[in-house]
Amino acid sequence: FNGGANDGYIQLLHGNAVKNQIHSNGATYLNGGNVGIGTTSPTAGSAGNAHGLTPLLHLYSNTSGADPVLHVSCHNTDEASLLLTENTTSTYTNGWGTRIFYDGSNSSFFNIEIGDANVWTHRFSIDRYGKVAIGGGKGNTFSELLYVAGTGKFTGQLNASGNLVVTGTSTFNIDGDSQ
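Using my numbering, you'd call the opening residue of the sequence shown number -14 and step up by one each time.
In structure tokens:
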């Protein structure tokens, strides 16, 4: 179809309802089933099938060395995100889920936020130098290779090959003796 001189579109219908639309100056969507890129069987051979899942989008390359990539990019002061939610309205603000994102403005290259009943809390970051923060809050800078905000528990042996520095009032055992 042609919507006018500056607005073209193609629609595919099923039962007089628009299922797929490509629109040069508006919404483009595929709403008729699973999507395959590089495959004519988007649900066949997917790793999701091993977990009892049916993928809605399957990217596939049968070329040796091609290494298919899903690329999400953004301006250097923005965030590029993958959002995994369970809410029924498909909006980011009212649900439960996980957001994995790159934050260009804070040099935090890998971040995870957890959403719980419309409250999204930053939980994990790795910066461009390989420094890891757990629970430190989005955009926080830290000088240690591993930073943990809050309490921690080790169920196995904790080894320190350098100086062990304890700040604040602490009780701990050294070779079974309370100190």
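Beta carbons: idealized from backbone N, C-alpha and C, even for Gly.
Measuring C-alpha to C-alpha distances from His60 to each of Asn96, Tyr87, Val54 identifies Tyr87 as the nearest.
The DSSP-derived three-state label of Arg84 is strand. With a threshold of 16 other beta carbon atoms within 10 Å, Arg84 meets it and is buried. Between the beta-carbon of Ile119 and that of Ala102 there is about 22 Å, and that puts the pair past the 8 Å contact cut. DSSP places Arg113 in the coil class of the three-state scheme, outside both helix and strand. Minimum Cα-Cα distance from Glu64 among the listed residues Trp81, Phe95, His43 corresponds to Phe95. Here Ser110 is buried. Its C-beta has 16 or more other C-beta atoms within 10 Å.
Judged by their CB atoms, Asn10 and Asn(-9) are nearer to each other than the 8 Å cut-off. Closest by C-alpha distance to Tyr(-6), out of Tyr14, Asn1, Ile99, Thr140, is Tyr14.
According to DSSP, Asp101 shares a beta bridge with Val104. Beyond the five residues adjoining it in sequence on each side, His56 comes within less than 8 Å, by CB distance, of no other residue in the same chain. Using a Cβ distance threshold of 8 Å, Glu98 and Arg108 count as a contacting pair. Going by beta carbons, Leu41 and Val20 fall inside the 8 Å limit.
His43 sits buried, since 16 or more C-beta atoms from the chains shown fall within 10 Å of its C-beta.
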